[in-house]
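2 protein chains.
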Amino acid sequence: MNLPSKLLEQAVYEIAQLPGLGRKTALGMALHLLHLPKSHTHRLAFALQQFVDGIKRCQRCHNLSDTEICHICADPKRDAQTVCVVEDIRDVLAMENTGAYRGLYQVLGGKISPMDGVGPRDLYIADLVEKVSRGAVSEIIFALSSTMEGDTTMFYLFKQLQDFPIRITTLARGVAVGDALEYADSITLGKSLTHRVPYESVLKH
Amino acid sequence: MNLPSKLLEQAVYEIAQLPGLGRKTALGMALHLLHLPKSHTHRLAFALQQFVDGIKRCQRCHNLSDTEICHICADPKRDAQTVCVVEDIRDVLAMENTGAYRGLYQVLGGKISPMDGVGPRDLYIADLVEKVSRGAVSEIIFALSSTMEGDTTMFYLFKQLQDFPIRITTLARGVAVGDALEYADSITLGKSLTHRVPYESVLKH
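Taken in order, these protein sequences are the chains called A and B. Sequential numbering of the first sequence, starting at 20, is according to my numbering. Sequential numbering of the second sequence, starting at 20, is according to my numbering.
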């Protein structure tokens, strides 16, 4: 697909660099922009530049934030003794949506993945160990995806943290609420069985 | 999904305005930009602005172009007597890819669609009729999608052009090359039958 216009070609090329977009979709988006007022595209371009230039990471938890300290770390009502370890801001949002978590977070900024060249030093791990070592934390909750990279990262963190007098937990894995047993995969069902909980504790919540 | 960062929120909001993107995809794209050098986002923003500010429409065929007259209209080897009517630049690219067309184009810029508030006056139709009326054209080929809007547009154009001494044709509809008959829909197969062609003419091409 050779585009006759250099301006269009350049726009399509740059849009197609975004994840999940091919050249055809990128072309459709570029043409869509022409059907809108120019001010719309200027706003889009401005927002993207402001975002990458201005966004900060919270100095304590490394979550994306407009301020030096994010609103969660700055909230005195949160339980600073409990730290939930997540990959990025999407997982923070998912945890916050449950309404069941009142502790703080440690955003790693990724997962250990030798295939992608991401090692422990590329993640925000050092200052988590430092926080734990000065006794600021009593429980660490691993909330990472149960993929090979997630499991590797959890194992690495566990090795770093196991000698400190803290509780180290991970999210329970099991059959999702509302799911029929017959459609659950056997590994998940197996974990549900191994980590079965007293029925009275379910009745209470 | 309430994003804690205004900069991120603004970026996600603007990306999600693009067609086919929801907020989750937009958030993934915004986070992806942070993994790339900032210069990448600046290039993207610059390309989009340059595109909407600088792109022109060819004064003759209304195709997108960096110049006043597009390279197709400016090519003296093309047959100026034949004009292929298409919706937008994507259809021009598709037609050019066949390598079988040597005439010029008329890019309408859309299709008549009362549902979307697009009437004949919103399209580049008037100057097509003018070209035909001054005898500059001997054949008009309708190459519009066979949807309700495409059919409506073709019918409108036909009414405007039918009294001039020109040939008016439309793309042949039929079973695609390589397709098995049993999987063709009945309307398409019906059209293939009605517009059947002499076997010798197939042998020649």
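Even glycine gets a Cβ: it sits at the ideal position worked out from N, Cα and C.
Interface annotation for the region 22-36 of chain B against chain A: 22, 23, 24, 25, 26, 27, 29, 30, 32, 33, 34 and 36, criterion Cβ-Cβ distance under 8 angstroms. Any Cβ of chain B closer than 8 angstroms to the Cβ of residue 109(A) would place that residue at the interface, and such an atom is present.
Per the C-alpha coordinates, the member of 138(B), 197(B) and 182(B) positioned closest to residue 172(B) is 138(B).
At a cut-off of 8 angstroms between beta carbons, residue 88(B) makes no contact with chain A. Residue 27(B) carries a helical assignment under DSSP once its states are collapsed to helix, strand and coil.
Contact annotation: in the region 148-164 of chain B, no residue has its CB less than 9 angstroms from a CB in chain A.
Residue contact check for residue 93(B) against chain A: no CB pair falls below 8 angstroms. Taking every protein chain shown into account, the CB of residue 152(A) has fewer than 16 other CB atoms within 10 angstroms, so this residue is exposed. Close to chain B, meaning a Cβ-Cβ distance shorter than 8 angstroms, are the following residues of the region 67-81 of chain A: 67, 68, 69, 70, 71, 72, 73 and 74. In the DSSP annotation of this structure, the continuous segment of the beta strand (DSSP E) that includes residue 98(A) starts and ends at 98-105. DSSP places residue 222(A) within a helical segment (H, G or I) once states are collapsed to three.
Interface residue (Cβ-Cβ distance to chain A less than 8 angstroms): residue 85(B) is classified as such. At a cut-off of 3 residues, the continuous stretches assigned as beta strand (DSSP E) that sit fully inside the region 171-205 of chain B are 186-189. Contact check for residue 49(B) and residue 30(A): beta-carbon distance about 19 angstroms, past the 8 angstroms limit, so the pair fails to qualify. In chain A, no part has a C-beta under 7 angstroms from the C-beta of residue 117(B); the shortest such distance is about 13 angstroms.
Proximity of residue 127(B) to chain A, defined by a Cβ-Cβ separation below 8 angstroms, is not satisfied. Going by beta carbons, residue 92(A) and residue 77(A) fall inside the 8 angstroms limit. Looking at 57(A), 207(A), 34(A) and 88(A), the one whose alpha-carbon comes closest to that of residue 62(B) is 34(A).
DSSP places residue 143(A) in the coil class of the three-state scheme, outside both helix and strand. DSSP places residue 91(A) in the coil class of the three-state scheme, outside both helix and strand. Distance from the CA of residue 217(B) to the CA of residue 169(B), rounded to the nearest whole angstrom, comes to 28 angstroms. In this structure, residue 163(B) and residue 105(B) form a Cβ contact; the two beta carbons are roughly 7 angstroms apart against a cut-off of 8 angstroms. Neighbours of residue 203(A) in chain B, taken as residues whose beta carbon is under 8 angstroms from its own, are absent, since the nearest beta carbon is some 25 angstroms off. For residue 60(A), the neighbours in chain B by C-beta distance under 7 angstroms run, in chain order, 67, 68 and 71. Rounded to whole angstroms, residue 44(B) and residue 59(A) show a C-alpha spacing of 19 angstroms.
Looking from the CA of residue 119(B), the closest CA among 101(B), 128(B), 108(B) and 107(B) belongs to 101(B).
Less than 8 angstroms divides the Cβ of residue 126(A) from the Cβ of residue 108(A). The C-beta of residue 44(B) comes closer than 8 angstroms to at least one C-beta of chain A. In the DSSP assignment, residue 71(B) falls within the unbroken alpha helix (DSSP H) covering 57-73. Looking at 142(A), 193(A) and 159(A), the one whose alpha-carbon comes closest to that of residue 165(A) is 193(A). Under the Cβ criterion of 8 angstroms, residue 130(B) is not counted among the residues facing chain A. Counting the other CB atoms within 10 Å of its CB gives residue 54(A) a total below 16, which places it among the exposed residues. When DSSP states are grouped into helix, strand and coil, residue 53(A) belongs to the helix group.
Within the DSSP secondary-structure output, residue 83(A) pairs in a beta bridge with 76(A).
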